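First comes the structure, then the notes that go with it.
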Amino acid sequence: MTGPRAFHGVPPQVVIDPAELSTRAEDVGHLNTAARCVRMVLARLAIAPAENAAAIARGEAILDEIGALQEQVSLPSSSGEAR
1 MTGPRAFHGV PPQVVIDPAE LSTRAEDVGH LNTAARCVRM VLARLAIAPA ENAAAIARGE
61 AILDEIGALQ EQVSLPSSSG EAR
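Numbering (the UniProt record's numbering), first residue to last: 1 to 83.
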């Protein structure tokens, strides 16, 4: 995945560019928060899964994209080596 990514339902000025992610804990925190928010929306959509099938599928795809970004951000372990 390359270049900025805009997510459905997120204002167009909010994009995540993998090239700009650093190894700071703040970045991991933001990605974790984004994933938590998507999971909360998915939980609400699951109340009526048949009516919300397309939105649920998109939410799951967004979680996959966030997961891929999380893998790109490596935090140093306590020994100072990258994970």
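From the three backbone atoms N, C-alpha and C, an ideal C-beta is built for every residue, glycine too. Please read all numbers here as calculations on a predicted model, not as lab measurements.
Out of Gln70, Ala50, Glu60, Val73, point me to the one whose CA is closest to valine 38's CA. Taking the first residue of the sequence shown as 1, we reach residue 38 at position 38. Ranking the options by Cα distance to valine 38, first place goes to Glu60.
Please report how far the alpha carbon of aspartate 64 lies from the alpha carbon of threonine 33, in whole angstroms. In the sequence shown, counting from the first residue as 1, residue 64 sits at position 64. In the sequence shown, counting from the first residue as 1, residue 33 sits at position 33. Aspartate 64 and threonine 33: Cα-Cα distance of roughly 14 Å.
Residue burial classification, isoleucine 66 (beta-carbon count within 10 angstroms, cutoff 16): One-based indexing of the sequence shown puts residue 66 at position 66. It counts as buried.
For isoleucine 56 versus leucine 42, is the C-beta spacing smaller than 8 Å? Taking the first residue of the sequence shown as position 1, residue 56 is located at position 56. Taking the first residue of the sequence shown as position 1, residue 42 is located at position 42. Yes; because the gap between Cβ atoms is below 8 Å, this pair is in contact.
Which residues in the same chain have their Cβ closer than 7 Å to the Cβ of asparagine 52, if we skip the five residues on either side of it in sequence? One-based indexing of the sequence shown puts residue 52 at position 52. These residues qualify, in order along the chain: Leu45.
From histidine 30 to glutamate 71, what does the alpha carbon distance come to, in whole angstroms? The residue labelled residue 30 in the question sits at position 30 within the sequence shown. The residue labelled residue 71 in the question sits at position 71 within the sequence shown. Whole-angstrom Cα-Cα distance: 14 Å.
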